[in-house]
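Residue numbers (the working numbering): 7 to 626.
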Amino acid sequence: MFPEYDVIVVGAGHAGCEAAAAAAKMGSKVLLATMNMNTIAQMSCNPAMGGVAKGQIVREVDALGGMSGIITDQTMIQFRMLNKSKGPAMWSPRAQSDRMRFAEAWRLTLEQTANVDFWQEMISGIEVADGKAVGVLTNLGITIRGKAVVLTNGTFLNGIIHIGERQLGGGRAGEKSAKGITEQLIELGFEVGRMKTGTPPRVDGRSLDYSKMEEQFGDENPSKFSYTDTEPLSQQRSCYITYTNSEVHEILKTGFEKSPMFQGRIQGLGPRYCPSIEDKINRFADRDRHQIFVEPEGWNTVEVYVNGFSSSLPEDVQFKALRKIVGFENAKMFRPGYAIEYDFFPPTQLNLTLETKLVNNLYFAGQINGTTGYEEAACQGLMAGINAHNKVHGKKPFVLKRSEAYIGVLIDDLVNKGTDEPYRMFTSRAEHRILLRQDNADIRLTKLGYELGLADESRLKAVDKKIEETGEIIAYLNNKPIEPGDINSKLEELGSAPIVEKQRAGQLIKRPNVEIEHIAEAIPAVADYLSKFKKESVEQAGIAVKYESYIEKEYVMANKMGELENYSIKGKINYRDIPALSAEAKEKLLKVQPETIGQASRISGVSPADISVLMVYLGK
7 MFPEYDVIVV GAGHAGCEAA AAAAKMGSKV LLATMNMNTI AQMSCNPAMG GVAKGQIVRE
67 VDALGGMSGI ITDQTMIQFR MLNKSKGPAM WSPRAQSDRM RFAEAWRLTL EQTANVDFWQ
127 EMISGIEVAD GKAVGVLTNL GITIRGKAVV LTNGTFLNGI IHIGERQLGG GRAGEKSAKG
187 ITEQLIELGF EVGRMKTGTP PRVDGRSLDY SKMEEQFGDE NPSKFSYTDT EPLSQQRSCY
247 ITYTNSEVHE ILKTGFEKSP MFQGRIQGLG PRYCPSIEDK INRFADRDRH QIFVEPEGWN
307 TVEVYVNGFS SSLPEDVQFK ALRKIVGFEN AKMFRPGYAI EYDFFPPTQL NLTLETKLVN
367 NLYFAGQING TTGYEEAACQ GLMAGINAHN KVHGKKPFVL KRSEAYIGVL IDDLVNKGTD
427 EPYRMFTSRA EHRILLRQDN ADIRLTKLGY ELGLADESRL KAVDKKIEET GEIIAYLNNK
487 PIEPGDINSK LEELGSAPIV EKQRAGQLIK RPNVEIEHIA EAIPAVADYL SKFKKESVEQ
547 AGIAVKYESY IEKEYVMANK MGELENYSIK GKINYRDIPA LSAEAKEKLL KVQPETIGQA
607 SRISGVSPAD ISVLMVYLGK
């Protein structure tokens, strides 16, 4: 009934979709197994992609040849570039999405991708032979053979939904949980843990009074995620902001005695940076209000996502409290918020390729690794799909360094440090963030995607053109003389000191409050020259000129740290045999079995002194 597949992907969320698409585009014959074909790529939580650091990840996925950026561009209803008041390393694209269209676009894309087959059924086990994954077992007892298996189970592994004192088995509202895989992995020797996440109530937008809320518009000139020729938005839908108040908090407190979180029924750790409303009230007792983002779920639907009001309290308490929020006085609730607890597998059990250490050709991606967020899941799925394909076709592993991509930071953090709470990406996690900007992800990664067989030739040509144009603009700015009379009025307007003699345009752009567009506004000749180039190339040149010294220093630092990656560690080592290592280092190194000295240096608990000992031991 089934052929033998190159790659079997279990789960069709954001990780599973990217894994299946990547492996198939690279030439593998892929089976995507899901319990429900109608919920492929469903946005289980907020209907949005991107955000701080997350937007950079989506652009990296796109630059490598993944699909999340394209799907987001096709289905978004609002676009905002966050943190524009800060430096470009902090700029982060975010899109509000049409939930239904997003899922539909992903499904149609996968259906139109050659080499992808589908199977709708619960996968209850993995076929393992001689320490290698060789297929999967379905709930009906069907064995499907595959050379590699990628698990992207999301919140479905032994998932339990909590609403007040009620507990329901399920991986998502209205969907059953997945049984069997956790138990088998434990038998194989894997360590397992529990995590928790949550979602807020959904309400009827027709019952809200938006006139009482603060309207949040999209950008005046919206950008997009993909470096391909997807269309930017010509119209947008607004979001709104309102706040809880002391009355809301008092009503919510009446449900605390039935709260599964406060009464100990939830054992899993929840996301620190996206706490439930009851957790916020408990932890920040001195605050009399919390911000609520009112987000439409699509172009035409009336369903609204109440961002900031995640809750597992009884539904009647949620409803009463909601109606005390300004603008929600007559709110009608579609469904209550809930918490969900699920199994995850500490990611220190993985190699940097996301292949498990205990079972060859078995890969984990997404929330099974302890992460939270669509974007974090999507990039892991992409990397697992790439590496599963490469493994079964005898090609080299594909691993991104911390200095190459946020994706590299995320996977390196997970494998070397692990996580005991849902891991979310932040710009602060990347020590080389000035190099890992959202505007240059194509320059960093598209050539790699092309060499993998993911990004096509047209993408590579577009990047080469951008690099060429950027170089031309930089040379022009560094040589263009500016007279005091042409620029001083603009400098004074910007609060910058006037010049008394001729200066190069590049020198002026290095000033903190002077940008390339300010020079163009003041001097028509500069504006005329820049008009010949794409907006992205002009922006890239402006950043390169302004932050030249910072970027150069970052490259030097990255290269120095990268030297440690050149010192490989061959084979498994019994670190207990190295007496000069600290006890903690022995334990951590034995568990992780790093592949390079660089990787060893980033393991939590391994000190610089331990690295010196290790280098002496290895004769480095």
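Yeah, the Cβ is synthetic: ideal placement off N, Cα and C, and Gly gets one too.
Alpha helix (DSSP H) segment containing residue i, residue limits
i           : result
residue 255 : 252 to 259
residue 350 : Per DSSP, residue 350 belongs to no alpha helix (DSSP H); it is in the beta strand (DSSP E), 344 to 350.
residue 452 : 447 to 458
residue 623 : 614 to 623
residue 416 : 412 to 423
residue 190 : 187 to 193
residue 535 : 530 to 536
Per-residue DSSP class, three states only, for residue i
i           : result
residue 487 : strand
residue 288 : helix
residue 355 : helix
residue 365 : coil
residue 513 : helix
residue 201 : strand
residue 41  : coil
residue 566 : helix
residue 107 : helix
residue 386 : helix
residue 118 : coil
residue 125 : strand
residue 589 : helix
residue 153 : strand
residue 443 : coil
residue 59  : coil
residue 605 : helix
Pair within 7 Å by beta-carbon distance, residue i and residue j
i           : j           : result
residue 390 : residue 25  : yes
residue 77  : residue 243 : no
residue 460 : residue 70  : yes
residue 95  : residue 443 : yes
residue 472 : residue 409 : no
residue 79  : residue 232 : yes
residue 447 : residue 483 : no
residue 341 : residue 208 : yes
residue 354 : residue 414 : no
residue 246 : residue 221 : yes
residue 30  : residue 122 : yes
residue 266 : residue 318 : yes
residue 161 : residue 348 : yes
residue 358 : residue 405 : yes
residue 395 : residue 34  : yes
residue 131 : residue 190 : yes
residue 59  : residue 299 : no
residue 386 : residue 21  : yes
Delimiting residues of the beta strand (DSSP E) encompassing residue i
i           : result
residue 245 : 245 to 249
residue 87  : 82 to 88
residue 55  : 54 to 56
residue 325 : Careful: residue 325 lies outside any beta strand (DSSP E), inside the alpha helix (DSSP H) at 321 to 328.
residue 520 : First-last for residue 520: undefined, no H or E at that position.
residue 544 : From DSSP, residue 544 is part of no beta strand (DSSP E) but of the alpha helix (DSSP H) over 541 to 552.
residue 12  : 11 to 16
Which residues DSSP lists as bridging residue i, in chain order
i           : result
residue 138 : 135, 366
residue 339 : 209
residue 173 : 168
residue 313 : 299
residue 377 : 429
residue 478 : Residue 478 pairs with nothing; no bridge assigned.
residue 436 : Bridge partners of residue 436: none, in fact.
heavy atom of the ligand GTP below 6 Å from residue i C-beta
i          : result
residue 66 : With respect to small molecules bound, the structure shown includes none, and the ligand GTP cannot be examined in it.
Next on the checklist: Closer than 8 Å is the cut-off here; do at least three beta carbon pairs connect the region 324 to 334 with the region 182 to 192?
Outcome noted: no
Checklist entry - Within the chosen definition, does the region 94 to 103 reach the region 111 to 121 through at least 3 CB pairs nearer than 8 Å? => result no
Checklist entry - Would the region 276 to 291 and the region 299 to 310 be scored as touching if the rule is three or more Cβ pairs under 8 Å? => result no
Checklist entry - Are three or more beta carbon pairs between the region 554 to 570 and the region 590 to 598 nearer than 8 Å? => result no
Checklist entry - If we count Cβ pairs, one from each stretch, closer than 8 Å, do we get three or more for the region 363 to 376 versus the region 149 to 157? => result yes
Checklist entry - Per the contact definition of three or more C-beta pairs closer than 8 Å, is the region 248 to 261 in contact with the region 115 to 126? => result no
Checklist entry - Would you call the region 531 to 548 and the region 474 to 492 in contact, with 3 or more CB pairs under 8 Å? => result yes
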